[in-house]
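In the UniProt record's numbering, the protein residues as written are 1 to 150. C-beta: ideal position from N, C-alpha, C; glycine also. Note that the structure is a prediction, hence the values are computed from the model and not measured.
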């Protein structure tokens, strides 16, 4: 059977880590993408790992915390289109329980890691991430971002 060249799309889980009415955000730096903007703990899926495994790995790598997979809930899937013509699937996972002391483990990429009130998110929060947080918290299971610009 001949292999077809099929379209492949990167998948990036994003962690909405909640403490009361606050969400954990990090300020990006020295990455070459969206430096000076706030985002969530997130990362790309690696081959051979599930979405939950990827989210747990990213939480450990970026924030020094351990999350039980039963404490993660995928609340929103976003199909994102960027101006560069790239497409992504972003998954927004909510978590309210974790173990370990929060600590910025990637200071070369992350200027700060702290909780922010959900009703007063920073103006320099990545717009797609802002939309993903809003959709996830409002139980909107699917949304699109960037397609209106195409």
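Query                                                                                                           : Result
Length-filtered (3 minimum) beta strand (DSSP E) runs lying within the UniProt domain "Nudix hydrolase" (8-141) : 11-19, 22-28, 72-81, 87-95, 110-117
According to DSSP, residues forming a beta bridge with residue 144                                              : 79
Straight-line Cα distance separating residue 25 from residue 40                                                 : 5 Å
Any C-beta of chain C under 9 Å from that of residue 108                                                        : Within the model displayed, chain C is absent; a lone protein chain is all it includes.
Anticipated Cβ contact below 8 Å, residue 51 with residue 74, distance rounded                                  : 7 Å
Proximity below 9 Å, CB of residue 56 to CB of residue 133                                                      : no
Cβ contact check for the segment 56-73 and the segment 106-118: 3 or more pairs under 8 Å                       : yes
Cβ-Cβ distance between residue 12 and residue 91 below 9 Å                                                      : yes
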